[in-house]
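To start, the structure under review is shown below, and the notes come after it.
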Amino acid sequence: MAPAPTRQITPDLSIVVPLYNEEANVEPLYQRLKAVVDAMGISYQFVFVNDGSRDRTLPMVQGLSHRDPHVGYIDLSRNFGHQIAVTAGLDNCTGAAVVIIDADLQDPPELIPQLYDKLLAGYDVVYAKRLSRPGENAAKLMTAKLFYRTLAAITHIEIPVDTGDFRIISRKVVEALKLMPEQNKFLRGQIAWIGFRQTYVEYDRAQRAGGETGYTYGKMLRLAIDGITAFSDFPLKLASLSGFVVSGIAFLVMLYTLYSRFVTHDYQPGWASLMISILFLGGVQLIAIGIIGEYIGRLSANVRQRPLYLIADTNMQPEATQRGSQEATPPEIGPR
Ligand code: UDP
Ligand code: MG
Numbered sequence: 041m042a043p044a045p046t047r048q049i050t051p052d053l054s055i056v057v058p059l060y061n062e063e064a065n066v067e068p069l070y071q072r073l074k075a076v077v078d079a080m081g082i083s084y085q086f087v088f089v090n091d092g093s094r095d096r097t098l099p100m101v102q103g104l105s106h107r108d109p110h111v112g113y114i115d116l117s118r119n120f121g122h123q124i125a126v127t128a129g130l131d132n133c134t135g136a137a138v139v140i141i142d143a144d145l146q147d148p149p150e151l152i153p154q155l156y157d158k159l160l161a162g163y164d165v166v167y168a169k170r171l172s173r174p175g176e177n178a179a180k181l182m183t184a185k186l187f188y189r190t191l192a193a194i195t196h197i198e199i200p201v202d203t204g205d206f207r208i209i210s211r212k213v214v215e216a217l218k219l220m221p222e223q224n225k226f227l228r229g230q231i232a233w234i235g236f237r238q239t240y241v242e243y244d245r246a247q248r249a250g251g252e253t254g255y256t257y258g259k260m261l262r263l264a265i266d267g268i269t270a271f272s273d274f275p276l277k278l279a280s281l282s283g284f285v286v287s288g289i290a291f292l293v294m295l296y297t298l299y300s301r302f303v304t305h306d307y308q309p310g311w312a313s314l315m316i317s318i319l320f321l322g323g324v325q326l327i328a329i330g331i332i333g334e335y336i337g338r339l340s341a342n343v344r345q346r347p348l349y350l351i352a353d354t355n356m357q358p359e360a361t362q363r364g365s366q367e368a369t370p371p372e373i374g375p376r
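Residue numbering for the sequence shown follows the working numbering, starting at 41 and increasing by one per position.
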């Protein structure tokens, strides 16, 4: 029997943790988080979101929820990805402030009091900025660095460089996030876009405590493309710009060809140059079409208005404002 949900009261702090195949980290994470928040002397709630793990993560989290009434869990119906798992946690948590933290202990729970203090000092977003990232391979570091710099260069809003999703946000920001319906989530960007008073705390990133990264290069690439397309029109502009440049060059070459053919009569029946220009133009056109396709794909995803995620099981009370599975049911009509 699951314990009766007791999570309608507003705790001072909710801690949202997305978990994907984290059986090795659940227990140490819980212990360290608990030690930290107990010492802070505030009321709190944990929201563990199981993102379709294939290992023992779910039963372990459920076990914790039986031991400790502070533990809420949400079991998504399949793997929806990190950003959506966090969103599910944010939608269902009730804290006055919310910490988002990874399950693998790369984000030190011991930083939470510092984040919380800054929040109390009047900020709405305090993100943790990593000074170093040991234990991650050079390729990941390089791609991450390149991505953050590119994003900063081509977007108008200031998305902080070298931060993950480890941060604390106020209830105001959580409610604002709920108003942003986009399907291709890039929380860091969305939170930057929201504004209010934002600041950061610096820390050294630890190595993954156990298990393996759930972020494959495929998932990272998706996140990068989501981040860029959600916050920048630059790729679209680049497509049309390169279209103009290439057309301009093609026009000059055409003049030269006509000149050689009719004035100097100095020409070779060269199919090679013909092939090259056709291939080149074809390539540019394909790039442009591909970029447009990326945006149109996102448009259609948003037009479809599918729920972002489905909850298979939870011990938390569904929120009235939740955008998950519950939204499909019509609102209750009762006596006024
Ligand atoms: N995660 C998730 N769904 C996924 C992949 C990852 O919920 O599809 C969680 C994972 O359990 C961890 C966090 O997101 O808590 C960050 O993932 P990971 O540590 O694998 O990413 P990295 O630190 O390597 O970028
Ligand atoms: Mg990690």
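Just so it is clear, CB atoms sit at the ideal spot from N, CA and C, and this is done for glycine as well.
For residue i, the three-state DSSP class (helix, strand or coil)
i, result
"S105", "helix"
"K225", "coil"
"E306", "A small correction: the amino acid at residue 306 is Asp; Glu does not occupy that position in the sequence shown. D306: coil per DSSP, three-state reduction."
"Q139", "In the sequence under discussion, the amino acid at residue 139 is Val, which differs from the Gln named in the question. In the structure shown, V139 sits in a strand (DSSP, three-state: E or B)."
"D205", "strand"
"L263", "helix"
"Q325", "helix"
"I318", "helix"
"M356", "coil"
"S210", "strand"
"I336", "helix"
"T369", "The predicted model places T369 with a pLDDT of 45, which falls under 50 and marks its position as unreliable; any figure quoted below should be read in that light. Three-state result, T369: coil."
"I197", "coil"
"I124", "helix"
"I331", "helix"
"I49", "coil"
Endpoints, alpha helix (DSSP H) assigned at residue i
i, result
"I55", "That residue, I55, is in no alpha helix (DSSP H); its beta strand (DSSP E) goes L53 to L59."
"I194", "A178 to I194"
"D378", "Only positions 41 to 376 of the chain appear in the structure, and residue 378 is not among them; the question remains open."
"Q154", "I152 to L160"
"N65", "E63 to M80"
"Q249", "The amino acid at residue 249 is misidentified as Gln; the sequence shows Ala. Run containing A249: none; DSSP gives neither H nor E here."
"T134", "T134 -> no alpha helix (DSSP H), and no H or E assigned at all."
"Y299", "F274 to Y299"
Beta-carbon spacing of residue i, residue j below 8 Å
i, j, result
"P221", "H122", "no"
"V250", "A64", "Note on residue identity: the sequence assigns Gly, not Val, to residue 250. Yes, these two residues count as a Cβ contact at 8 Å."
"L130", "L217", "yes"
"F120", "G81", "no"
"V213", "I194", "no"
"M100", "V77", "no"
"D412", "E62", "Nothing can be reported for residue 412, as the shown portion of the chain is limited to 41 through 376."
"K158", "E242", "no"
"L171", "D244", "yes"
"Q203", "R228", "Per the sequence presented here, residue 203 reads as Thr, with Gln not at that position. Against a cut-off of 8 Å, the Cβ pair of R228 and T203 comes out as a contact."
"L53", "Y156", "yes"
"S282", "V324", "yes"
"C133", "V56", "yes"
"L116", "A352", "yes"
"I141", "P149", "yes"
"K259", "I124", "no"
"L339", "T127", "no"
"I265", "E334", "yes"
"S317", "V285", "no"
Bounding residues of the beta strand (DSSP E) (the contiguous stretch that carries residue i)
i, result
"T239", "Q238 to D244"
"Y113", "V111 to L116"
"Q345", "Looking at the DSSP string, Q345 is not in any beta strand (DSSP E), and its letter there is neither H nor E."
"R170", "V165 to S172"
"F86", "Y84 to N90"
Below-8 Å beta-carbon distance, residue i vs any chain D residue
i, result
"H110", "Protein chains in the displayed structure number just one, and chain D is not present."
Any non-hydrogen atom of the ligand COA closer than 7 Å to residue i Cβ
i, result
"E62", "Although the ligand COA was asked about, the structure shown includes only the ligand UDP and the ligand MG as ligands."
Original post:
Using the beta carbon as the reference atom, which residues fall closer than 6 Å to any heavy atom of the ligand MG, ordered along the chain?
Top reply: D142, D144, Q146, R248 and T253
**OP:** Count the C-beta pairs between the stretch 97-113 and the stretch 81-88 that are closer than 8 Å, then say yes if the count reaches three, no if not.
**Re:** yes
**OP:** Indicate whether the contact test is met: 3 or more Cβ pairs, each with one atom in the stretch 316-335 and one in the stretch 194-214, closer than 8 Å.
**Re:** no
Subject >> Contact the stretch 136-143 vs the stretch 260-273: 3+ CB pairs below 8 Å >> reply: no
Subject >> Touching by the beta-carbon criterion (3+ pairs, under 8 Å), the stretch 176-188 and the stretch 289-309 >> reply: no
Subject >> Three CB pairs or more closer than 8 Å across the stretch 272-284 and the stretch 165-181 >> reply: no
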